[in-house]
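Here is the structure we will look at.
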Amino acid sequence: MDQASNDPAVETTGRPFATRTHEARKAHEAREAREAHDKRAPLVDAWYGSGAEPIEAVDSHAHVFLRSLPRIPSARHSPEYDATLESYVAHLSACGITHAVLVQPSFLGTDNHFFVDALARYPQRFRGIAVVNPCTAEDEFARLEATDVVGIRLNLVGLPIPDFTAPRWRALLARANALGWHVEVHRRAADLPAIIPALLDQSCRVVVDHFGRPAPHLGTLDPGFRFLLSIAGTGQVWVKLSAAYRNIGSGDGTAFGTRAARALLGAFAPNRLVWGSDWPHTQHRDRTDYQTTRSALDDWVPDPSLRRIILCDSARALFRFDRQTPARDT
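FYI, the numbering for the sequence shown is 1135 to 1464, going by my numbering.
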């Protein structure tokens, strides 16, 4: 094995997205858009069906948005394209994914209206992860709960770490706990020891995004990632096997994901791991696509019985898909 293949910051999978030129990427996107448009109506109809399909596979992390939606001034990234619900559903149908979890994009802040509208259209199929803050009103929590939100996300990348012992944060986390919601955390692995114990002390169930975000030059040797492995025994922490490409310097992340998944399965029970596509792969659309992210799970977790638990059983329980949802007018 050559030196590059041992380097956690280097990918040598040879997949076509790693070397696609800017022009080729644009052509690919245009072709994909045309194909999605051509197939959209029948795929959407087939995927939704009666709305009560058996849960076979869950995508636990995706975003929908429009470029016209107002962005928060502090947004680290602001995509200038649309990621529509219809396009997303076309990918789900094509890959045999029966259910999904929509995550409020961080660049839209706490204005959850667009994402909640998407949840309300198809309540049997979707669950949601909202963005709130200590100033969020009580009636907003009730509205979110009524539209199948099951958790909140703290995207803390580039932000100061909150003082979770402060009264306003204790009150917010108590609200989440009372609703049965979990707390999702997105932050570099190095800072996880300063965040997760504080949330566990507040009796929160914690879901860590994107393999825990170890540093590209350290990979699974990152002390923050090793810390994540060490707290598996709490039984209150889950990890998303998602967006491996965000944890490496180039490529689609398959090799890193395989190493990281092996390490996580050595520490966590499979029912504490879930899979997510991270669609539409913001800032990394030239490195992957939906089919590639789904196929990657087969590489990361080759055992089909374990993969079934991660792709279906674990996500079904964590995101409360077994909860009966009353029909709503759409």
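Ideal Cβ positions, reconstructed from N, Cα and C, are used throughout, including at glycine.
Annotated three-state conformation of N1246 is coil, per DSSP. Annotation: D1216 to P1207 spans about 19 Å, alpha carbon to alpha carbon.
Within the model, the alpha-carbon separation for F1359 versus R1380 is close to 14 Å. Selection D1245, R1347, L1375, P1294 evaluated against T1270 yields D1245 as nearest (Cα-Cα).
Between the segment 1264–1281 and the segment 1298–1318 there are three or more C-beta pairs closer than 8 Å, enough to call the two in contact. Under the three-state reduction of DSSP output, N1267 falls in the coil class, being neither helix nor strand. At a cut-off of 3 residues, the continuous stretches assigned as beta strand (DSSP E) that sit fully inside the segment 1281–1369 are 1283–1289, 1316–1320, 1340–1342. The beta-carbon distance between P1350 and G1383, rounded to whole angstroms, is 5 Å. This is short enough to meet the 8 Å contact definition.
In the assembly as shown, V1291 is an exposed residue. Its beta-carbon has fewer than 16 other beta-carbons within 10 Å. Distance between P1188 and D1437, taken at the CA atoms: about 22 Å. Rounded to the nearest whole angstrom, the CA to CA distance from D1447 to E1279 is 22 Å. With respect to the 9 Å criterion, R1339 and H1320 are not classified as neighbours on the basis of their beta carbons. The Cβ neighbour count for P1294, taken over all protein chains shown within 10 Å, is under 16; the residue is labelled exposed. Between S1439 and A1324, the alpha-carbon positions lie close to 32 Å from each other.
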